[in-house]
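Asker: Residue numbers (the UniProt record's numbering): 1 to 163. Built from N, CA and C at the ideal position, the CB exists for glycine as well. The structure displayed is predicted, hence computed values, not measured ones.
1) For residue 112, list the residues DSSP reports as bridge partners.
2) Note down the Cα distance separating residue 46 from residue 53, rounded to an integer number of angstroms.
3) Find out if the Cβ-Cβ distance for the pair residue 85, residue 61 is shorter than 8 Å.
4) What is the DSSP secondary structure of residue 38, reduced to helix, strand or coil?
5) Just curious, the alpha helix (DSSP H) that residue 161 is in, first and last residue?
6) Within 10 angstroms of the Cβ of residue 127, are there 16 or more other Cβ atoms? Answer buried if so, exposed if not.
7) Classify residue 99 as helix, strand or coil using the three-state DSSP reduction.
8) Can you tell me whether residue 140 is helix, strand or coil according to DSSP?
9) Where does residue 26 fall in DSSP's three states?
10) Which residue marks the beginning of the beta strand (DSSP E) containing residue 61, and which one marks its end?
11) Taking its Cβ as the centre, do 16 or more other Cβ atoms sit within 10 Å of residue 153, making it buried, or is it exposed?
12) For residue 78, count neighbouring Cβ atoms within 10 angstroms of its own Cβ and tell me buried if that reaches 16, exposed if not.
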């Protein structure tokens, strides 16, 4: 008797970065935990975002947004779903549910944003991406980048510290 073994290879990846912001964590979460985040990103980062609009929801878990990227961003558009918006832990997780990296052979692509209490008037904002790429598209893993989230963290930090 002969056995045929089939193996598939998927590539998993993760990246994260963080910033110290000179405002209380509660103030930073008023942006990160709401739809205000998309408004600031669209207004301050035209190199990444042409348009960010709510398709469904009020900013809580289950909300779906559509992102239309600027021509130089390398992607055209995608829809994201807020899977976790935890006001107590100050964590938001967002899964790509249509378009974007999913059209490039990614099985999933998730972003996580956290606001971590630091000192009385200071907090840490942390962004993490996680992804899995199908075997036939492993070369596309090189396109996965945390850079847009880092730029969003910088823009929000600037917004919060100057308002």
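Answerer: Taking the geometry as given:
1) 93 and 128
2) Inter-residue distance for residue 46 and residue 53 is about 14 Å (C-alpha atoms, whole angstroms).
3) yes
4) Residue 38: helix per DSSP, three-state reduction.
5) 147-162
6) The residue is buried, with at least 16 neighbouring Cβ atoms inside 10 Å.
7) Of the three classes helix, strand and coil, the one that applies to residue 99 here is strand, per DSSP.
8) Residue 140 falls in the helix class under three-state DSSP.
9) Helix at residue 26.
10) Per DSSP, residue 61 belongs to no beta strand (DSSP E) and is neither H nor E.
11) buried
12) buried
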